[in-house]
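*Asks:*
Number of protein chains: 2
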Amino acid sequence: MALIVQKFGGTSVASVSHIEKVAKRVIATREKGYDVIVVVSAMGKETDRLDELAREVTPNPGQKAARELDVLLSTGEQVTIALLSMTLIKMGWQARSYTGSQVRILTDKVHSKARIIEIDGQNLNQDLAAGRIVVVAGFQGVDEHGNITTLGRGGSDTTAVAIAAVMKAEECQIYTDVKGVYTADPRMVEGARCLEKLTFEEMLELASLGSKVLHSRAVEFASRYQLPIRVLSSFNESPGTLITSEDDTEMEKPLISGIATTRDEAKLTVLGVPDIPGVASSILGPISTANIEVDMIVQNVAADNTTDFTFTVHRDDYDQTLEILTKVSESIGAREIRGDNKIAKLSLVGVGMRSHAGVASRMFAVLAAESINIQMISTSEIKISVVIAERYLELAARALHSEFDLNSVNQNG
Amino acid sequence: MALIVQKFGGTSVASVSHIEKVAKRVIATREKGYDVIVVVSAMGKETDRLDELAREVTPNPGQKAARELDVLLSTGEQVTIALLSMTLIKMGWQARSYTGSQVRILTDKVHSKARIIEIDGQNLNQDLAAGRIVVVAGFQGVDEHGNITTLGRGGSDTTAVAIAAVMKAEECQIYTDVKGVYTADPRMVEGARCLEKLTFEEMLELASLGSKVLHSRAVEFASRYQLPIRVLSSFNESPGTLITSEDDTEMEKPLISGIATTRDEAKLTVLGVPDIPGVASSILGPISTANIEVDMIVQNVAADNTTDFTFTVHRDDYDQTLEILTKVSESIGAREIRGDNKIAKLSLVGVGMRSHAGVASRMFAVLAAESINIQMISTSEIKISVVIAERYLELAARALHSEFDLNSVNQNG
């Protein structure tokens with residue numbers, strides 16, 4: 005039987021009655037003749053509740069007791085897998101739950117940001133062969149010594165896609181509280197439209213640029229294994245957005261597929277560092293050692309043999325990064341450290357961009373017309389990102405959505 | 005270094021501030037030069053909360069989805085071990101948490117009532133040797149296939165004592181919300197007094213007779229390994245009650261050490277069964293198969309070649325037992341099944357009873373003087389139990405406590 009992996013996030017399993025709806029959807033897929041593996045997150049605000057308990061103990065549990073924080077947080081998904089399996093059993097189906105450790109989702113040892121190394125699909129295969137629906141806890145794994153690890157932000161998506169890849173699923177369905185992937189955040193841009201189809205590359209850019217529907221690590225995994233992902237709503241029957249490899253037979257793609265926006269980042273600048281080889285790595289080395297991901301990096305042209313070095317990190321990592329930079333600033337000979345966490349990033353994404361020039365200049369012209377100052381620019385083959393002051397984000401998004409005619413299909417080429 | 009195992013129940017870890025007090029007590033023991041392993045239960049009402057979630061899914065989760073109920077309930081202790089370890093770390097100590105699966109507390113496969121088969125102390129020993137305080141989740145284990153199991157009522161006590169035995173601890177300390185083991189329930193009998201010392205045998209009778217402070221399985225374990233247990237309060241500094249082997253050098257023991265009372269049981273009677281060999285086992289066989297523990301058993305003398313057969317089970321198992329009996333009643337040729345869950349059991353316990361006669365007659369005389377009807381009687385070398393109507397329990401306990409002078413020491417011989 006062909007296999008479908010379905011992942012349901014926290015809002016989809018927020019209560020026992022929500023879980024019943026999830027069970028019905030799983031059973032409907034099973035009744036169509038598919039084997040089903042379900043991956044679930046913690047119920048609604050459960051992870052927040054657990055996190056608050058930890059913060060009641062110590063203000064920064066992730067730094068001082070990262071191992072124990074993972075032990076704590078991983079209980080959230082464990083509750084959901086038990087309740088969903090019970091619900092499926094009550095509805096007359098055979099089901100069995102698995103924690104990350106029970107599947108054996110082997111990860112590295114980096115607590116709270118672990119990466120999957122290997123998944124043992126043997127137990128799951130036996131259960132599927134025995135006619136069982138398999139329910140797996142997202143977000144969690146286990147290191148080689150049996151310590152519980154968690155995968156960090158978007159971890160349950162990654163679990164679902166990784167299991168789908170290992171188990172050779174036909175499709176990995178990510179159920180969310182929105183209808184699919186939009187041309188822009190619908191709360192921000194009125195005319196935002198749900199996309200039918202996207203390439204892995206586009207989704208990867210959108211995800212890494214702050215689209216909340218799917219985490220970039222999950223998309224990377226899917227892309228590597230050429231595993232189709234469908235993002236769809238838990239709350240209605242629309243087909244959602246299918247994410248696959250680029251289809252060459254298709255008509256010319258629109259120039260821009262969507263606009264991604266995020267307030268999740270913060271900007272740090274190291275001023276007056278000597279313009280000598282190795283300085284970038286002596287700034288970023290300690291950041292990377294602390295497992296903080298750096299996103300955009302800009303280095304200005306040197307003046308007076310010194311240069312300024314600016315980069316962005318996740319806003320949650322801002323305080324820690326600032327602390328690290330302050331510590332190392334003397335040893336790298338920096339004049340000053342500056343930080344700003346009131347920034348936002350806005351990106352245009354589209355595979356069509358590859359074969360068309362002029363997107364950047366149109367974008368900058370629109371922002372200039374609105375008097376929005378561009379603080380940083382970063383580009384790739386299929387996206388252009390700018391960092392601007394947070395207060396201009398909605399204005400910029402609406403202006404660009406209109407400029408590139410994203411409300412209607414195929415008119416923006 | 006000598007090892008002490010300390011077990012803290014749900015009320016002792018009901019909140020983060022409670023957990024801080026537990027941590028201080030653990031550290032105080034560590035600072036006296038002991039290695040410490042801490043065993044903890046779920047926080048306060050957490051197990052009840054999880055149980056209610058399961059009952060929201062299905063009215064009898066333990067029957068239909070016993071495996072999944074254990075997956076759910078075991079998260080309760082997992083939360084506590086993480087929070088306590090974090091707290092110890094915050095206070096400057098090294099600590100590491102272990103789930104039942106991580107210790108490898110190997111049990112049989114009987115979900116919700118699993119029995120411990122083997123404990124691997126290797127990881128714990130390594131941690132102790134490295135100077136760590138070890139924090140273990142009570143109540144839970146894992147079967148040979150890696151399925152999560154729970155040990156049932158009093159399971160955390162059993163975990164603590166079993167670990168103490170395997171790790172050759174000097175003492176297993178069970179922290180509770182009372183000062184120790186009392187001559188009777190202090191809420192029921194005003195003059196009830198905390199005992200300094202008890203034998204394993206007495207504690208075993210008291211525990212199996214409903215004293216809430218310590219579960220009989222834990223006492224059995226301790227008795228088998230000659231491991232001293234101390235029952236003491238989390239909330240003050242009194243020395244509590246020490247439970248050890250009988251000390252022959254001691255002065256003559258008092259006749260009665262204490263009165264145990266319980267409302268936890270229910271009575272079932274099978275009327276008019278043929279008085280032939282094998283009938284008891286055909287009644288109790290299906291009960292035992294369902295893993296229901298039977299406590300007292302009474303069979304009346306036969307009349308007309310038929311007999312009546314009465315026994316008691318835990319009140320929680322009453323409905324299921326009644327259902328089973330009703331199903332098998334025809335096949336065993338019974339005339340009628342009757343049940344009563346408004347009963348209570350009261351027991352006198354004391355090793356002194358062994359060498360003195362007349363306790364039973366004094367007990368029955370007191371009950372008769374209060375016009376309390378005795379429904380069942382059961383005796384052992386060191387206890388006498390009676391089943392009476394629940395509404396007479398307090399009256400009976402107070403009268404007997406006074407009859408045997410339990411308020412004052414050594415005057416009741």
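Order-wise, the sequence lines are chains A and B.
Mind the numbering: the first sequence is residues 5 to 417 in our numbering, read in order.
Mind the numbering: the second sequence is residues 5 to 417 in our numbering, read in order.
The beta-carbon is built from N, C-alpha and C at its ideal position, and this holds for glycine as well.
Run through the DSSP bridge pairs and tell me what residue 175 of chain B is partnered with.
*Replies:* B/8
*Asks:* Which residues of the stretch 132-157 of chain B have a Cβ closer than 7 angstroms to any Cβ of chain A? Give them in chain order.
*Replies:* Going along the stretch 132-157 of chain B in chain order, one finds 150 with a Cβ nearer than 7 angstroms to chain A.
*Asks:* Report yes if the CB atom of residue 386 of chain B is closer than 8 angstroms to the CB atom of residue 366 of chain B, and no otherwise.
*Replies:* no
*Asks:* So what's residue 409 of chain A in DSSP terms, helix, strand or just coil?
*Replies:* coil
*Asks:* Would you call the CB atoms of residue 76 of chain B and residue 54 of chain A closer than 8 angstroms?
*Replies:* no
*Asks:* Kindly give me the distance between the Cβ atoms of residue 222 of chain B and residue 289 of chain B, rounded to whole angstroms, as I take these residues to be in contact under 8 angstroms.
*Replies:* No, residue 222 of chain B and residue 289 of chain B are not in contact; Cβ-Cβ is about 28 angstroms, not under 8 angstroms.
*Asks:* May I ask which residues mark the beginning and end of the alpha helix (DSSP H) holding residue 224 of chain B?
*Replies:* 220-228
*Asks:* Short of 9 angstroms Cβ to Cβ, which residues in the stretch 63-79 of chain B face chain A?
*Replies:* Going along the stretch 63-79 of chain B in chain order, one finds 65, 68, 69, 71, 72, 73, 74, 75, 76, 77, 78, 79 with a Cβ nearer than 9 angstroms to chain A.
*Asks:* Once the 5 residues before and after residue 415 of chain B are set aside, which same chain residues still bring their CB inside 6 angstroms of it?
*Replies:* Bear in mind that a pLDDT of 39 at residue 415 of chain B, under 50, signals an unreliable position, so the number given afterwards is only what the model happens to contain. Correct list, in chain order: 409.
*Asks:* Assuming residue 132 of chain B contacts residue 39 of chain B under a Cβ cut-off of 8 angstroms, what Cβ separation, rounded to an integer in Å, is found between them?
*Replies:* At roughly 5 angstroms, the Cβ-Cβ gap stays under 8 angstroms, so residue 132 of chain B and residue 39 of chain B are in contact.
*Asks:* Which residues in the same chain have their Cβ closer than 8 angstroms to the Cβ of residue 147 of chain A, if we skip the five residues on either side of it in sequence?
*Replies:* These residues qualify, in order along the chain: 110, 111, 112, 113, 118, 153.
*Asks:* Is the CB-CB distance between residue 339 of chain A and residue 276 of chain A below 8 angstroms?
*Replies:* yes
*Asks:* Under 8 angstroms Cβ to Cβ from residue 106 of chain B, same chain only, skipping five residues before and after it: list those, please.
*Replies:* Closer than 8 angstroms at the Cβ level, and outside the excluded window around residue 106 of chain B, lie 127.
*Asks:* Which first and last residues belong to the alpha helix (DSSP H) in which residue 22 of chain A is found?
*Replies:* 20-35
*Asks:* In angstroms, rounded to a whole number, what distance separates the CA positions of residue 33 of chain B and residue 286 of chain B?
*Replies:* 52 angstroms
*Asks:* Could you check if residue 21 of chain B is buried or exposed, using at least 16 other CB atoms within 10 Å of its CB as the buried criterion?
*Replies:* exposed
*Asks:* Between the Cα of residue 267 of chain A and the Cα atoms of A/342, A/247, A/374, A/398, which residue gives the shortest distance?
*Replies:* A/398
*Asks:* Report yes if the C-beta distance between residue 390 of chain B and residue 271 of chain B is below 8 angstroms; otherwise report no.
*Replies:* no
*Asks:* Can you say whether residue 335 of chain B is buried or exposed, counting buried as having 16 or more other CB atoms within 10 angstroms of its CB?
*Replies:* exposed
*Asks:* Is the shortest distance between the beta-carbon of residue 61 of chain A and the beta-carbons of chain B less than 8 angstroms?
*Replies:* yes
*Asks:* Here's the rule: buried if 16 or more other CB atoms are within 10 angstroms of the residue's CB, otherwise exposed. What is residue 253 of chain B?
*Replies:* With a pLDDT of 47 at residue 253 of chain B, under the threshold of 50, the modelled position of this residue cannot be trusted, and the question is left open.
*Asks:* Could you name the residues of the same chain whose beta carbon sits closer than 7 angstroms to that of residue 58 of chain A, not counting the 5 residues immediately before and after it, in chain order?
*Replies:* 65, 73, 76
*Asks:* What residue range is occupied by the uninterrupted alpha helix (DSSP H) comprising residue 290 of chain B?
*Replies:* Its alpha helix (DSSP H) spans residues 283-293.
*Asks:* Check each candidate in B/384, B/98, B/311, B/167 and name the one with the smallest Cα separation from residue 134 of chain B.
*Replies:* B/98
*Asks:* Out of B/192, B/170, B/238, B/245, which one is the CA nearest neighbour of residue 204 of chain B?
*Replies:* B/245
*Asks:* Taking only beta-carbon positions, decide if residue 94 of chain A is within less than 8 angstroms of chain B.
*Replies:* For residue 94 of chain A, the answer is yes, since a Cβ of chain B falls inside 8 angstroms of its Cβ.
*Asks:* Between the alpha carbons of residue 243 of chain B and residue 29 of chain B, how many angstroms are there, rounded?
*Replies:* 14 angstroms
*Asks:* Just to confirm the assignment: which complete beta strand (DSSP E) runs, minimum length 3, are found wholly within the stretch 360-385 of chain B?
*Replies:* 380-384
*Asks:* Nearest-angstrom Cα distance between residue 236 of chain B and residue 345 of chain A?
*Replies:* 52 angstroms
*Asks:* Residue ranges of each beta strand (DSSP E) run of no fewer than 3 residues wholly in the stretch 70-115 of chain A, ordered along the chain?
*Replies:* 99-102, 109-111
*Asks:* By a C-beta neighbour count over all protein chains shown, 10 Å radius and 16 as the cutoff for buried, is residue 79 of chain A buried or exposed?
*Replies:* buried
*Asks:* DSSP three-state call for residue 133 of chain B: helix, strand or coil?
*Replies:* helix
*Asks:* May I ask you to report which of helix, strand or coil DSSP gives residue 199 of chain A?
*Replies:* Coil.
*Asks:* Below 7 angstroms, is the gap between the Cβ of residue 142 of chain B and the nearest heavy atom of the ligand GTP?
*Replies:* The ligand GTP is absent from the structure shown, which contains no ligand whatsoever.
*Asks:* When the distance is taken between beta carbons, is residue 161 of chain A closer than 8 angstroms to residue 434 of chain A?
*Replies:* This structure gives no information on residue 434 of chain A, because the portion of chain A shown stretches from 5 to 417.
*Asks:* Please list, in chain order, all residues of the same chain as residue 192 of chain B whose beta carbon is under 8 angstroms from its beta carbon, the five residues on each side excluded.
*Replies:* 265, 397, 398, 401, 402
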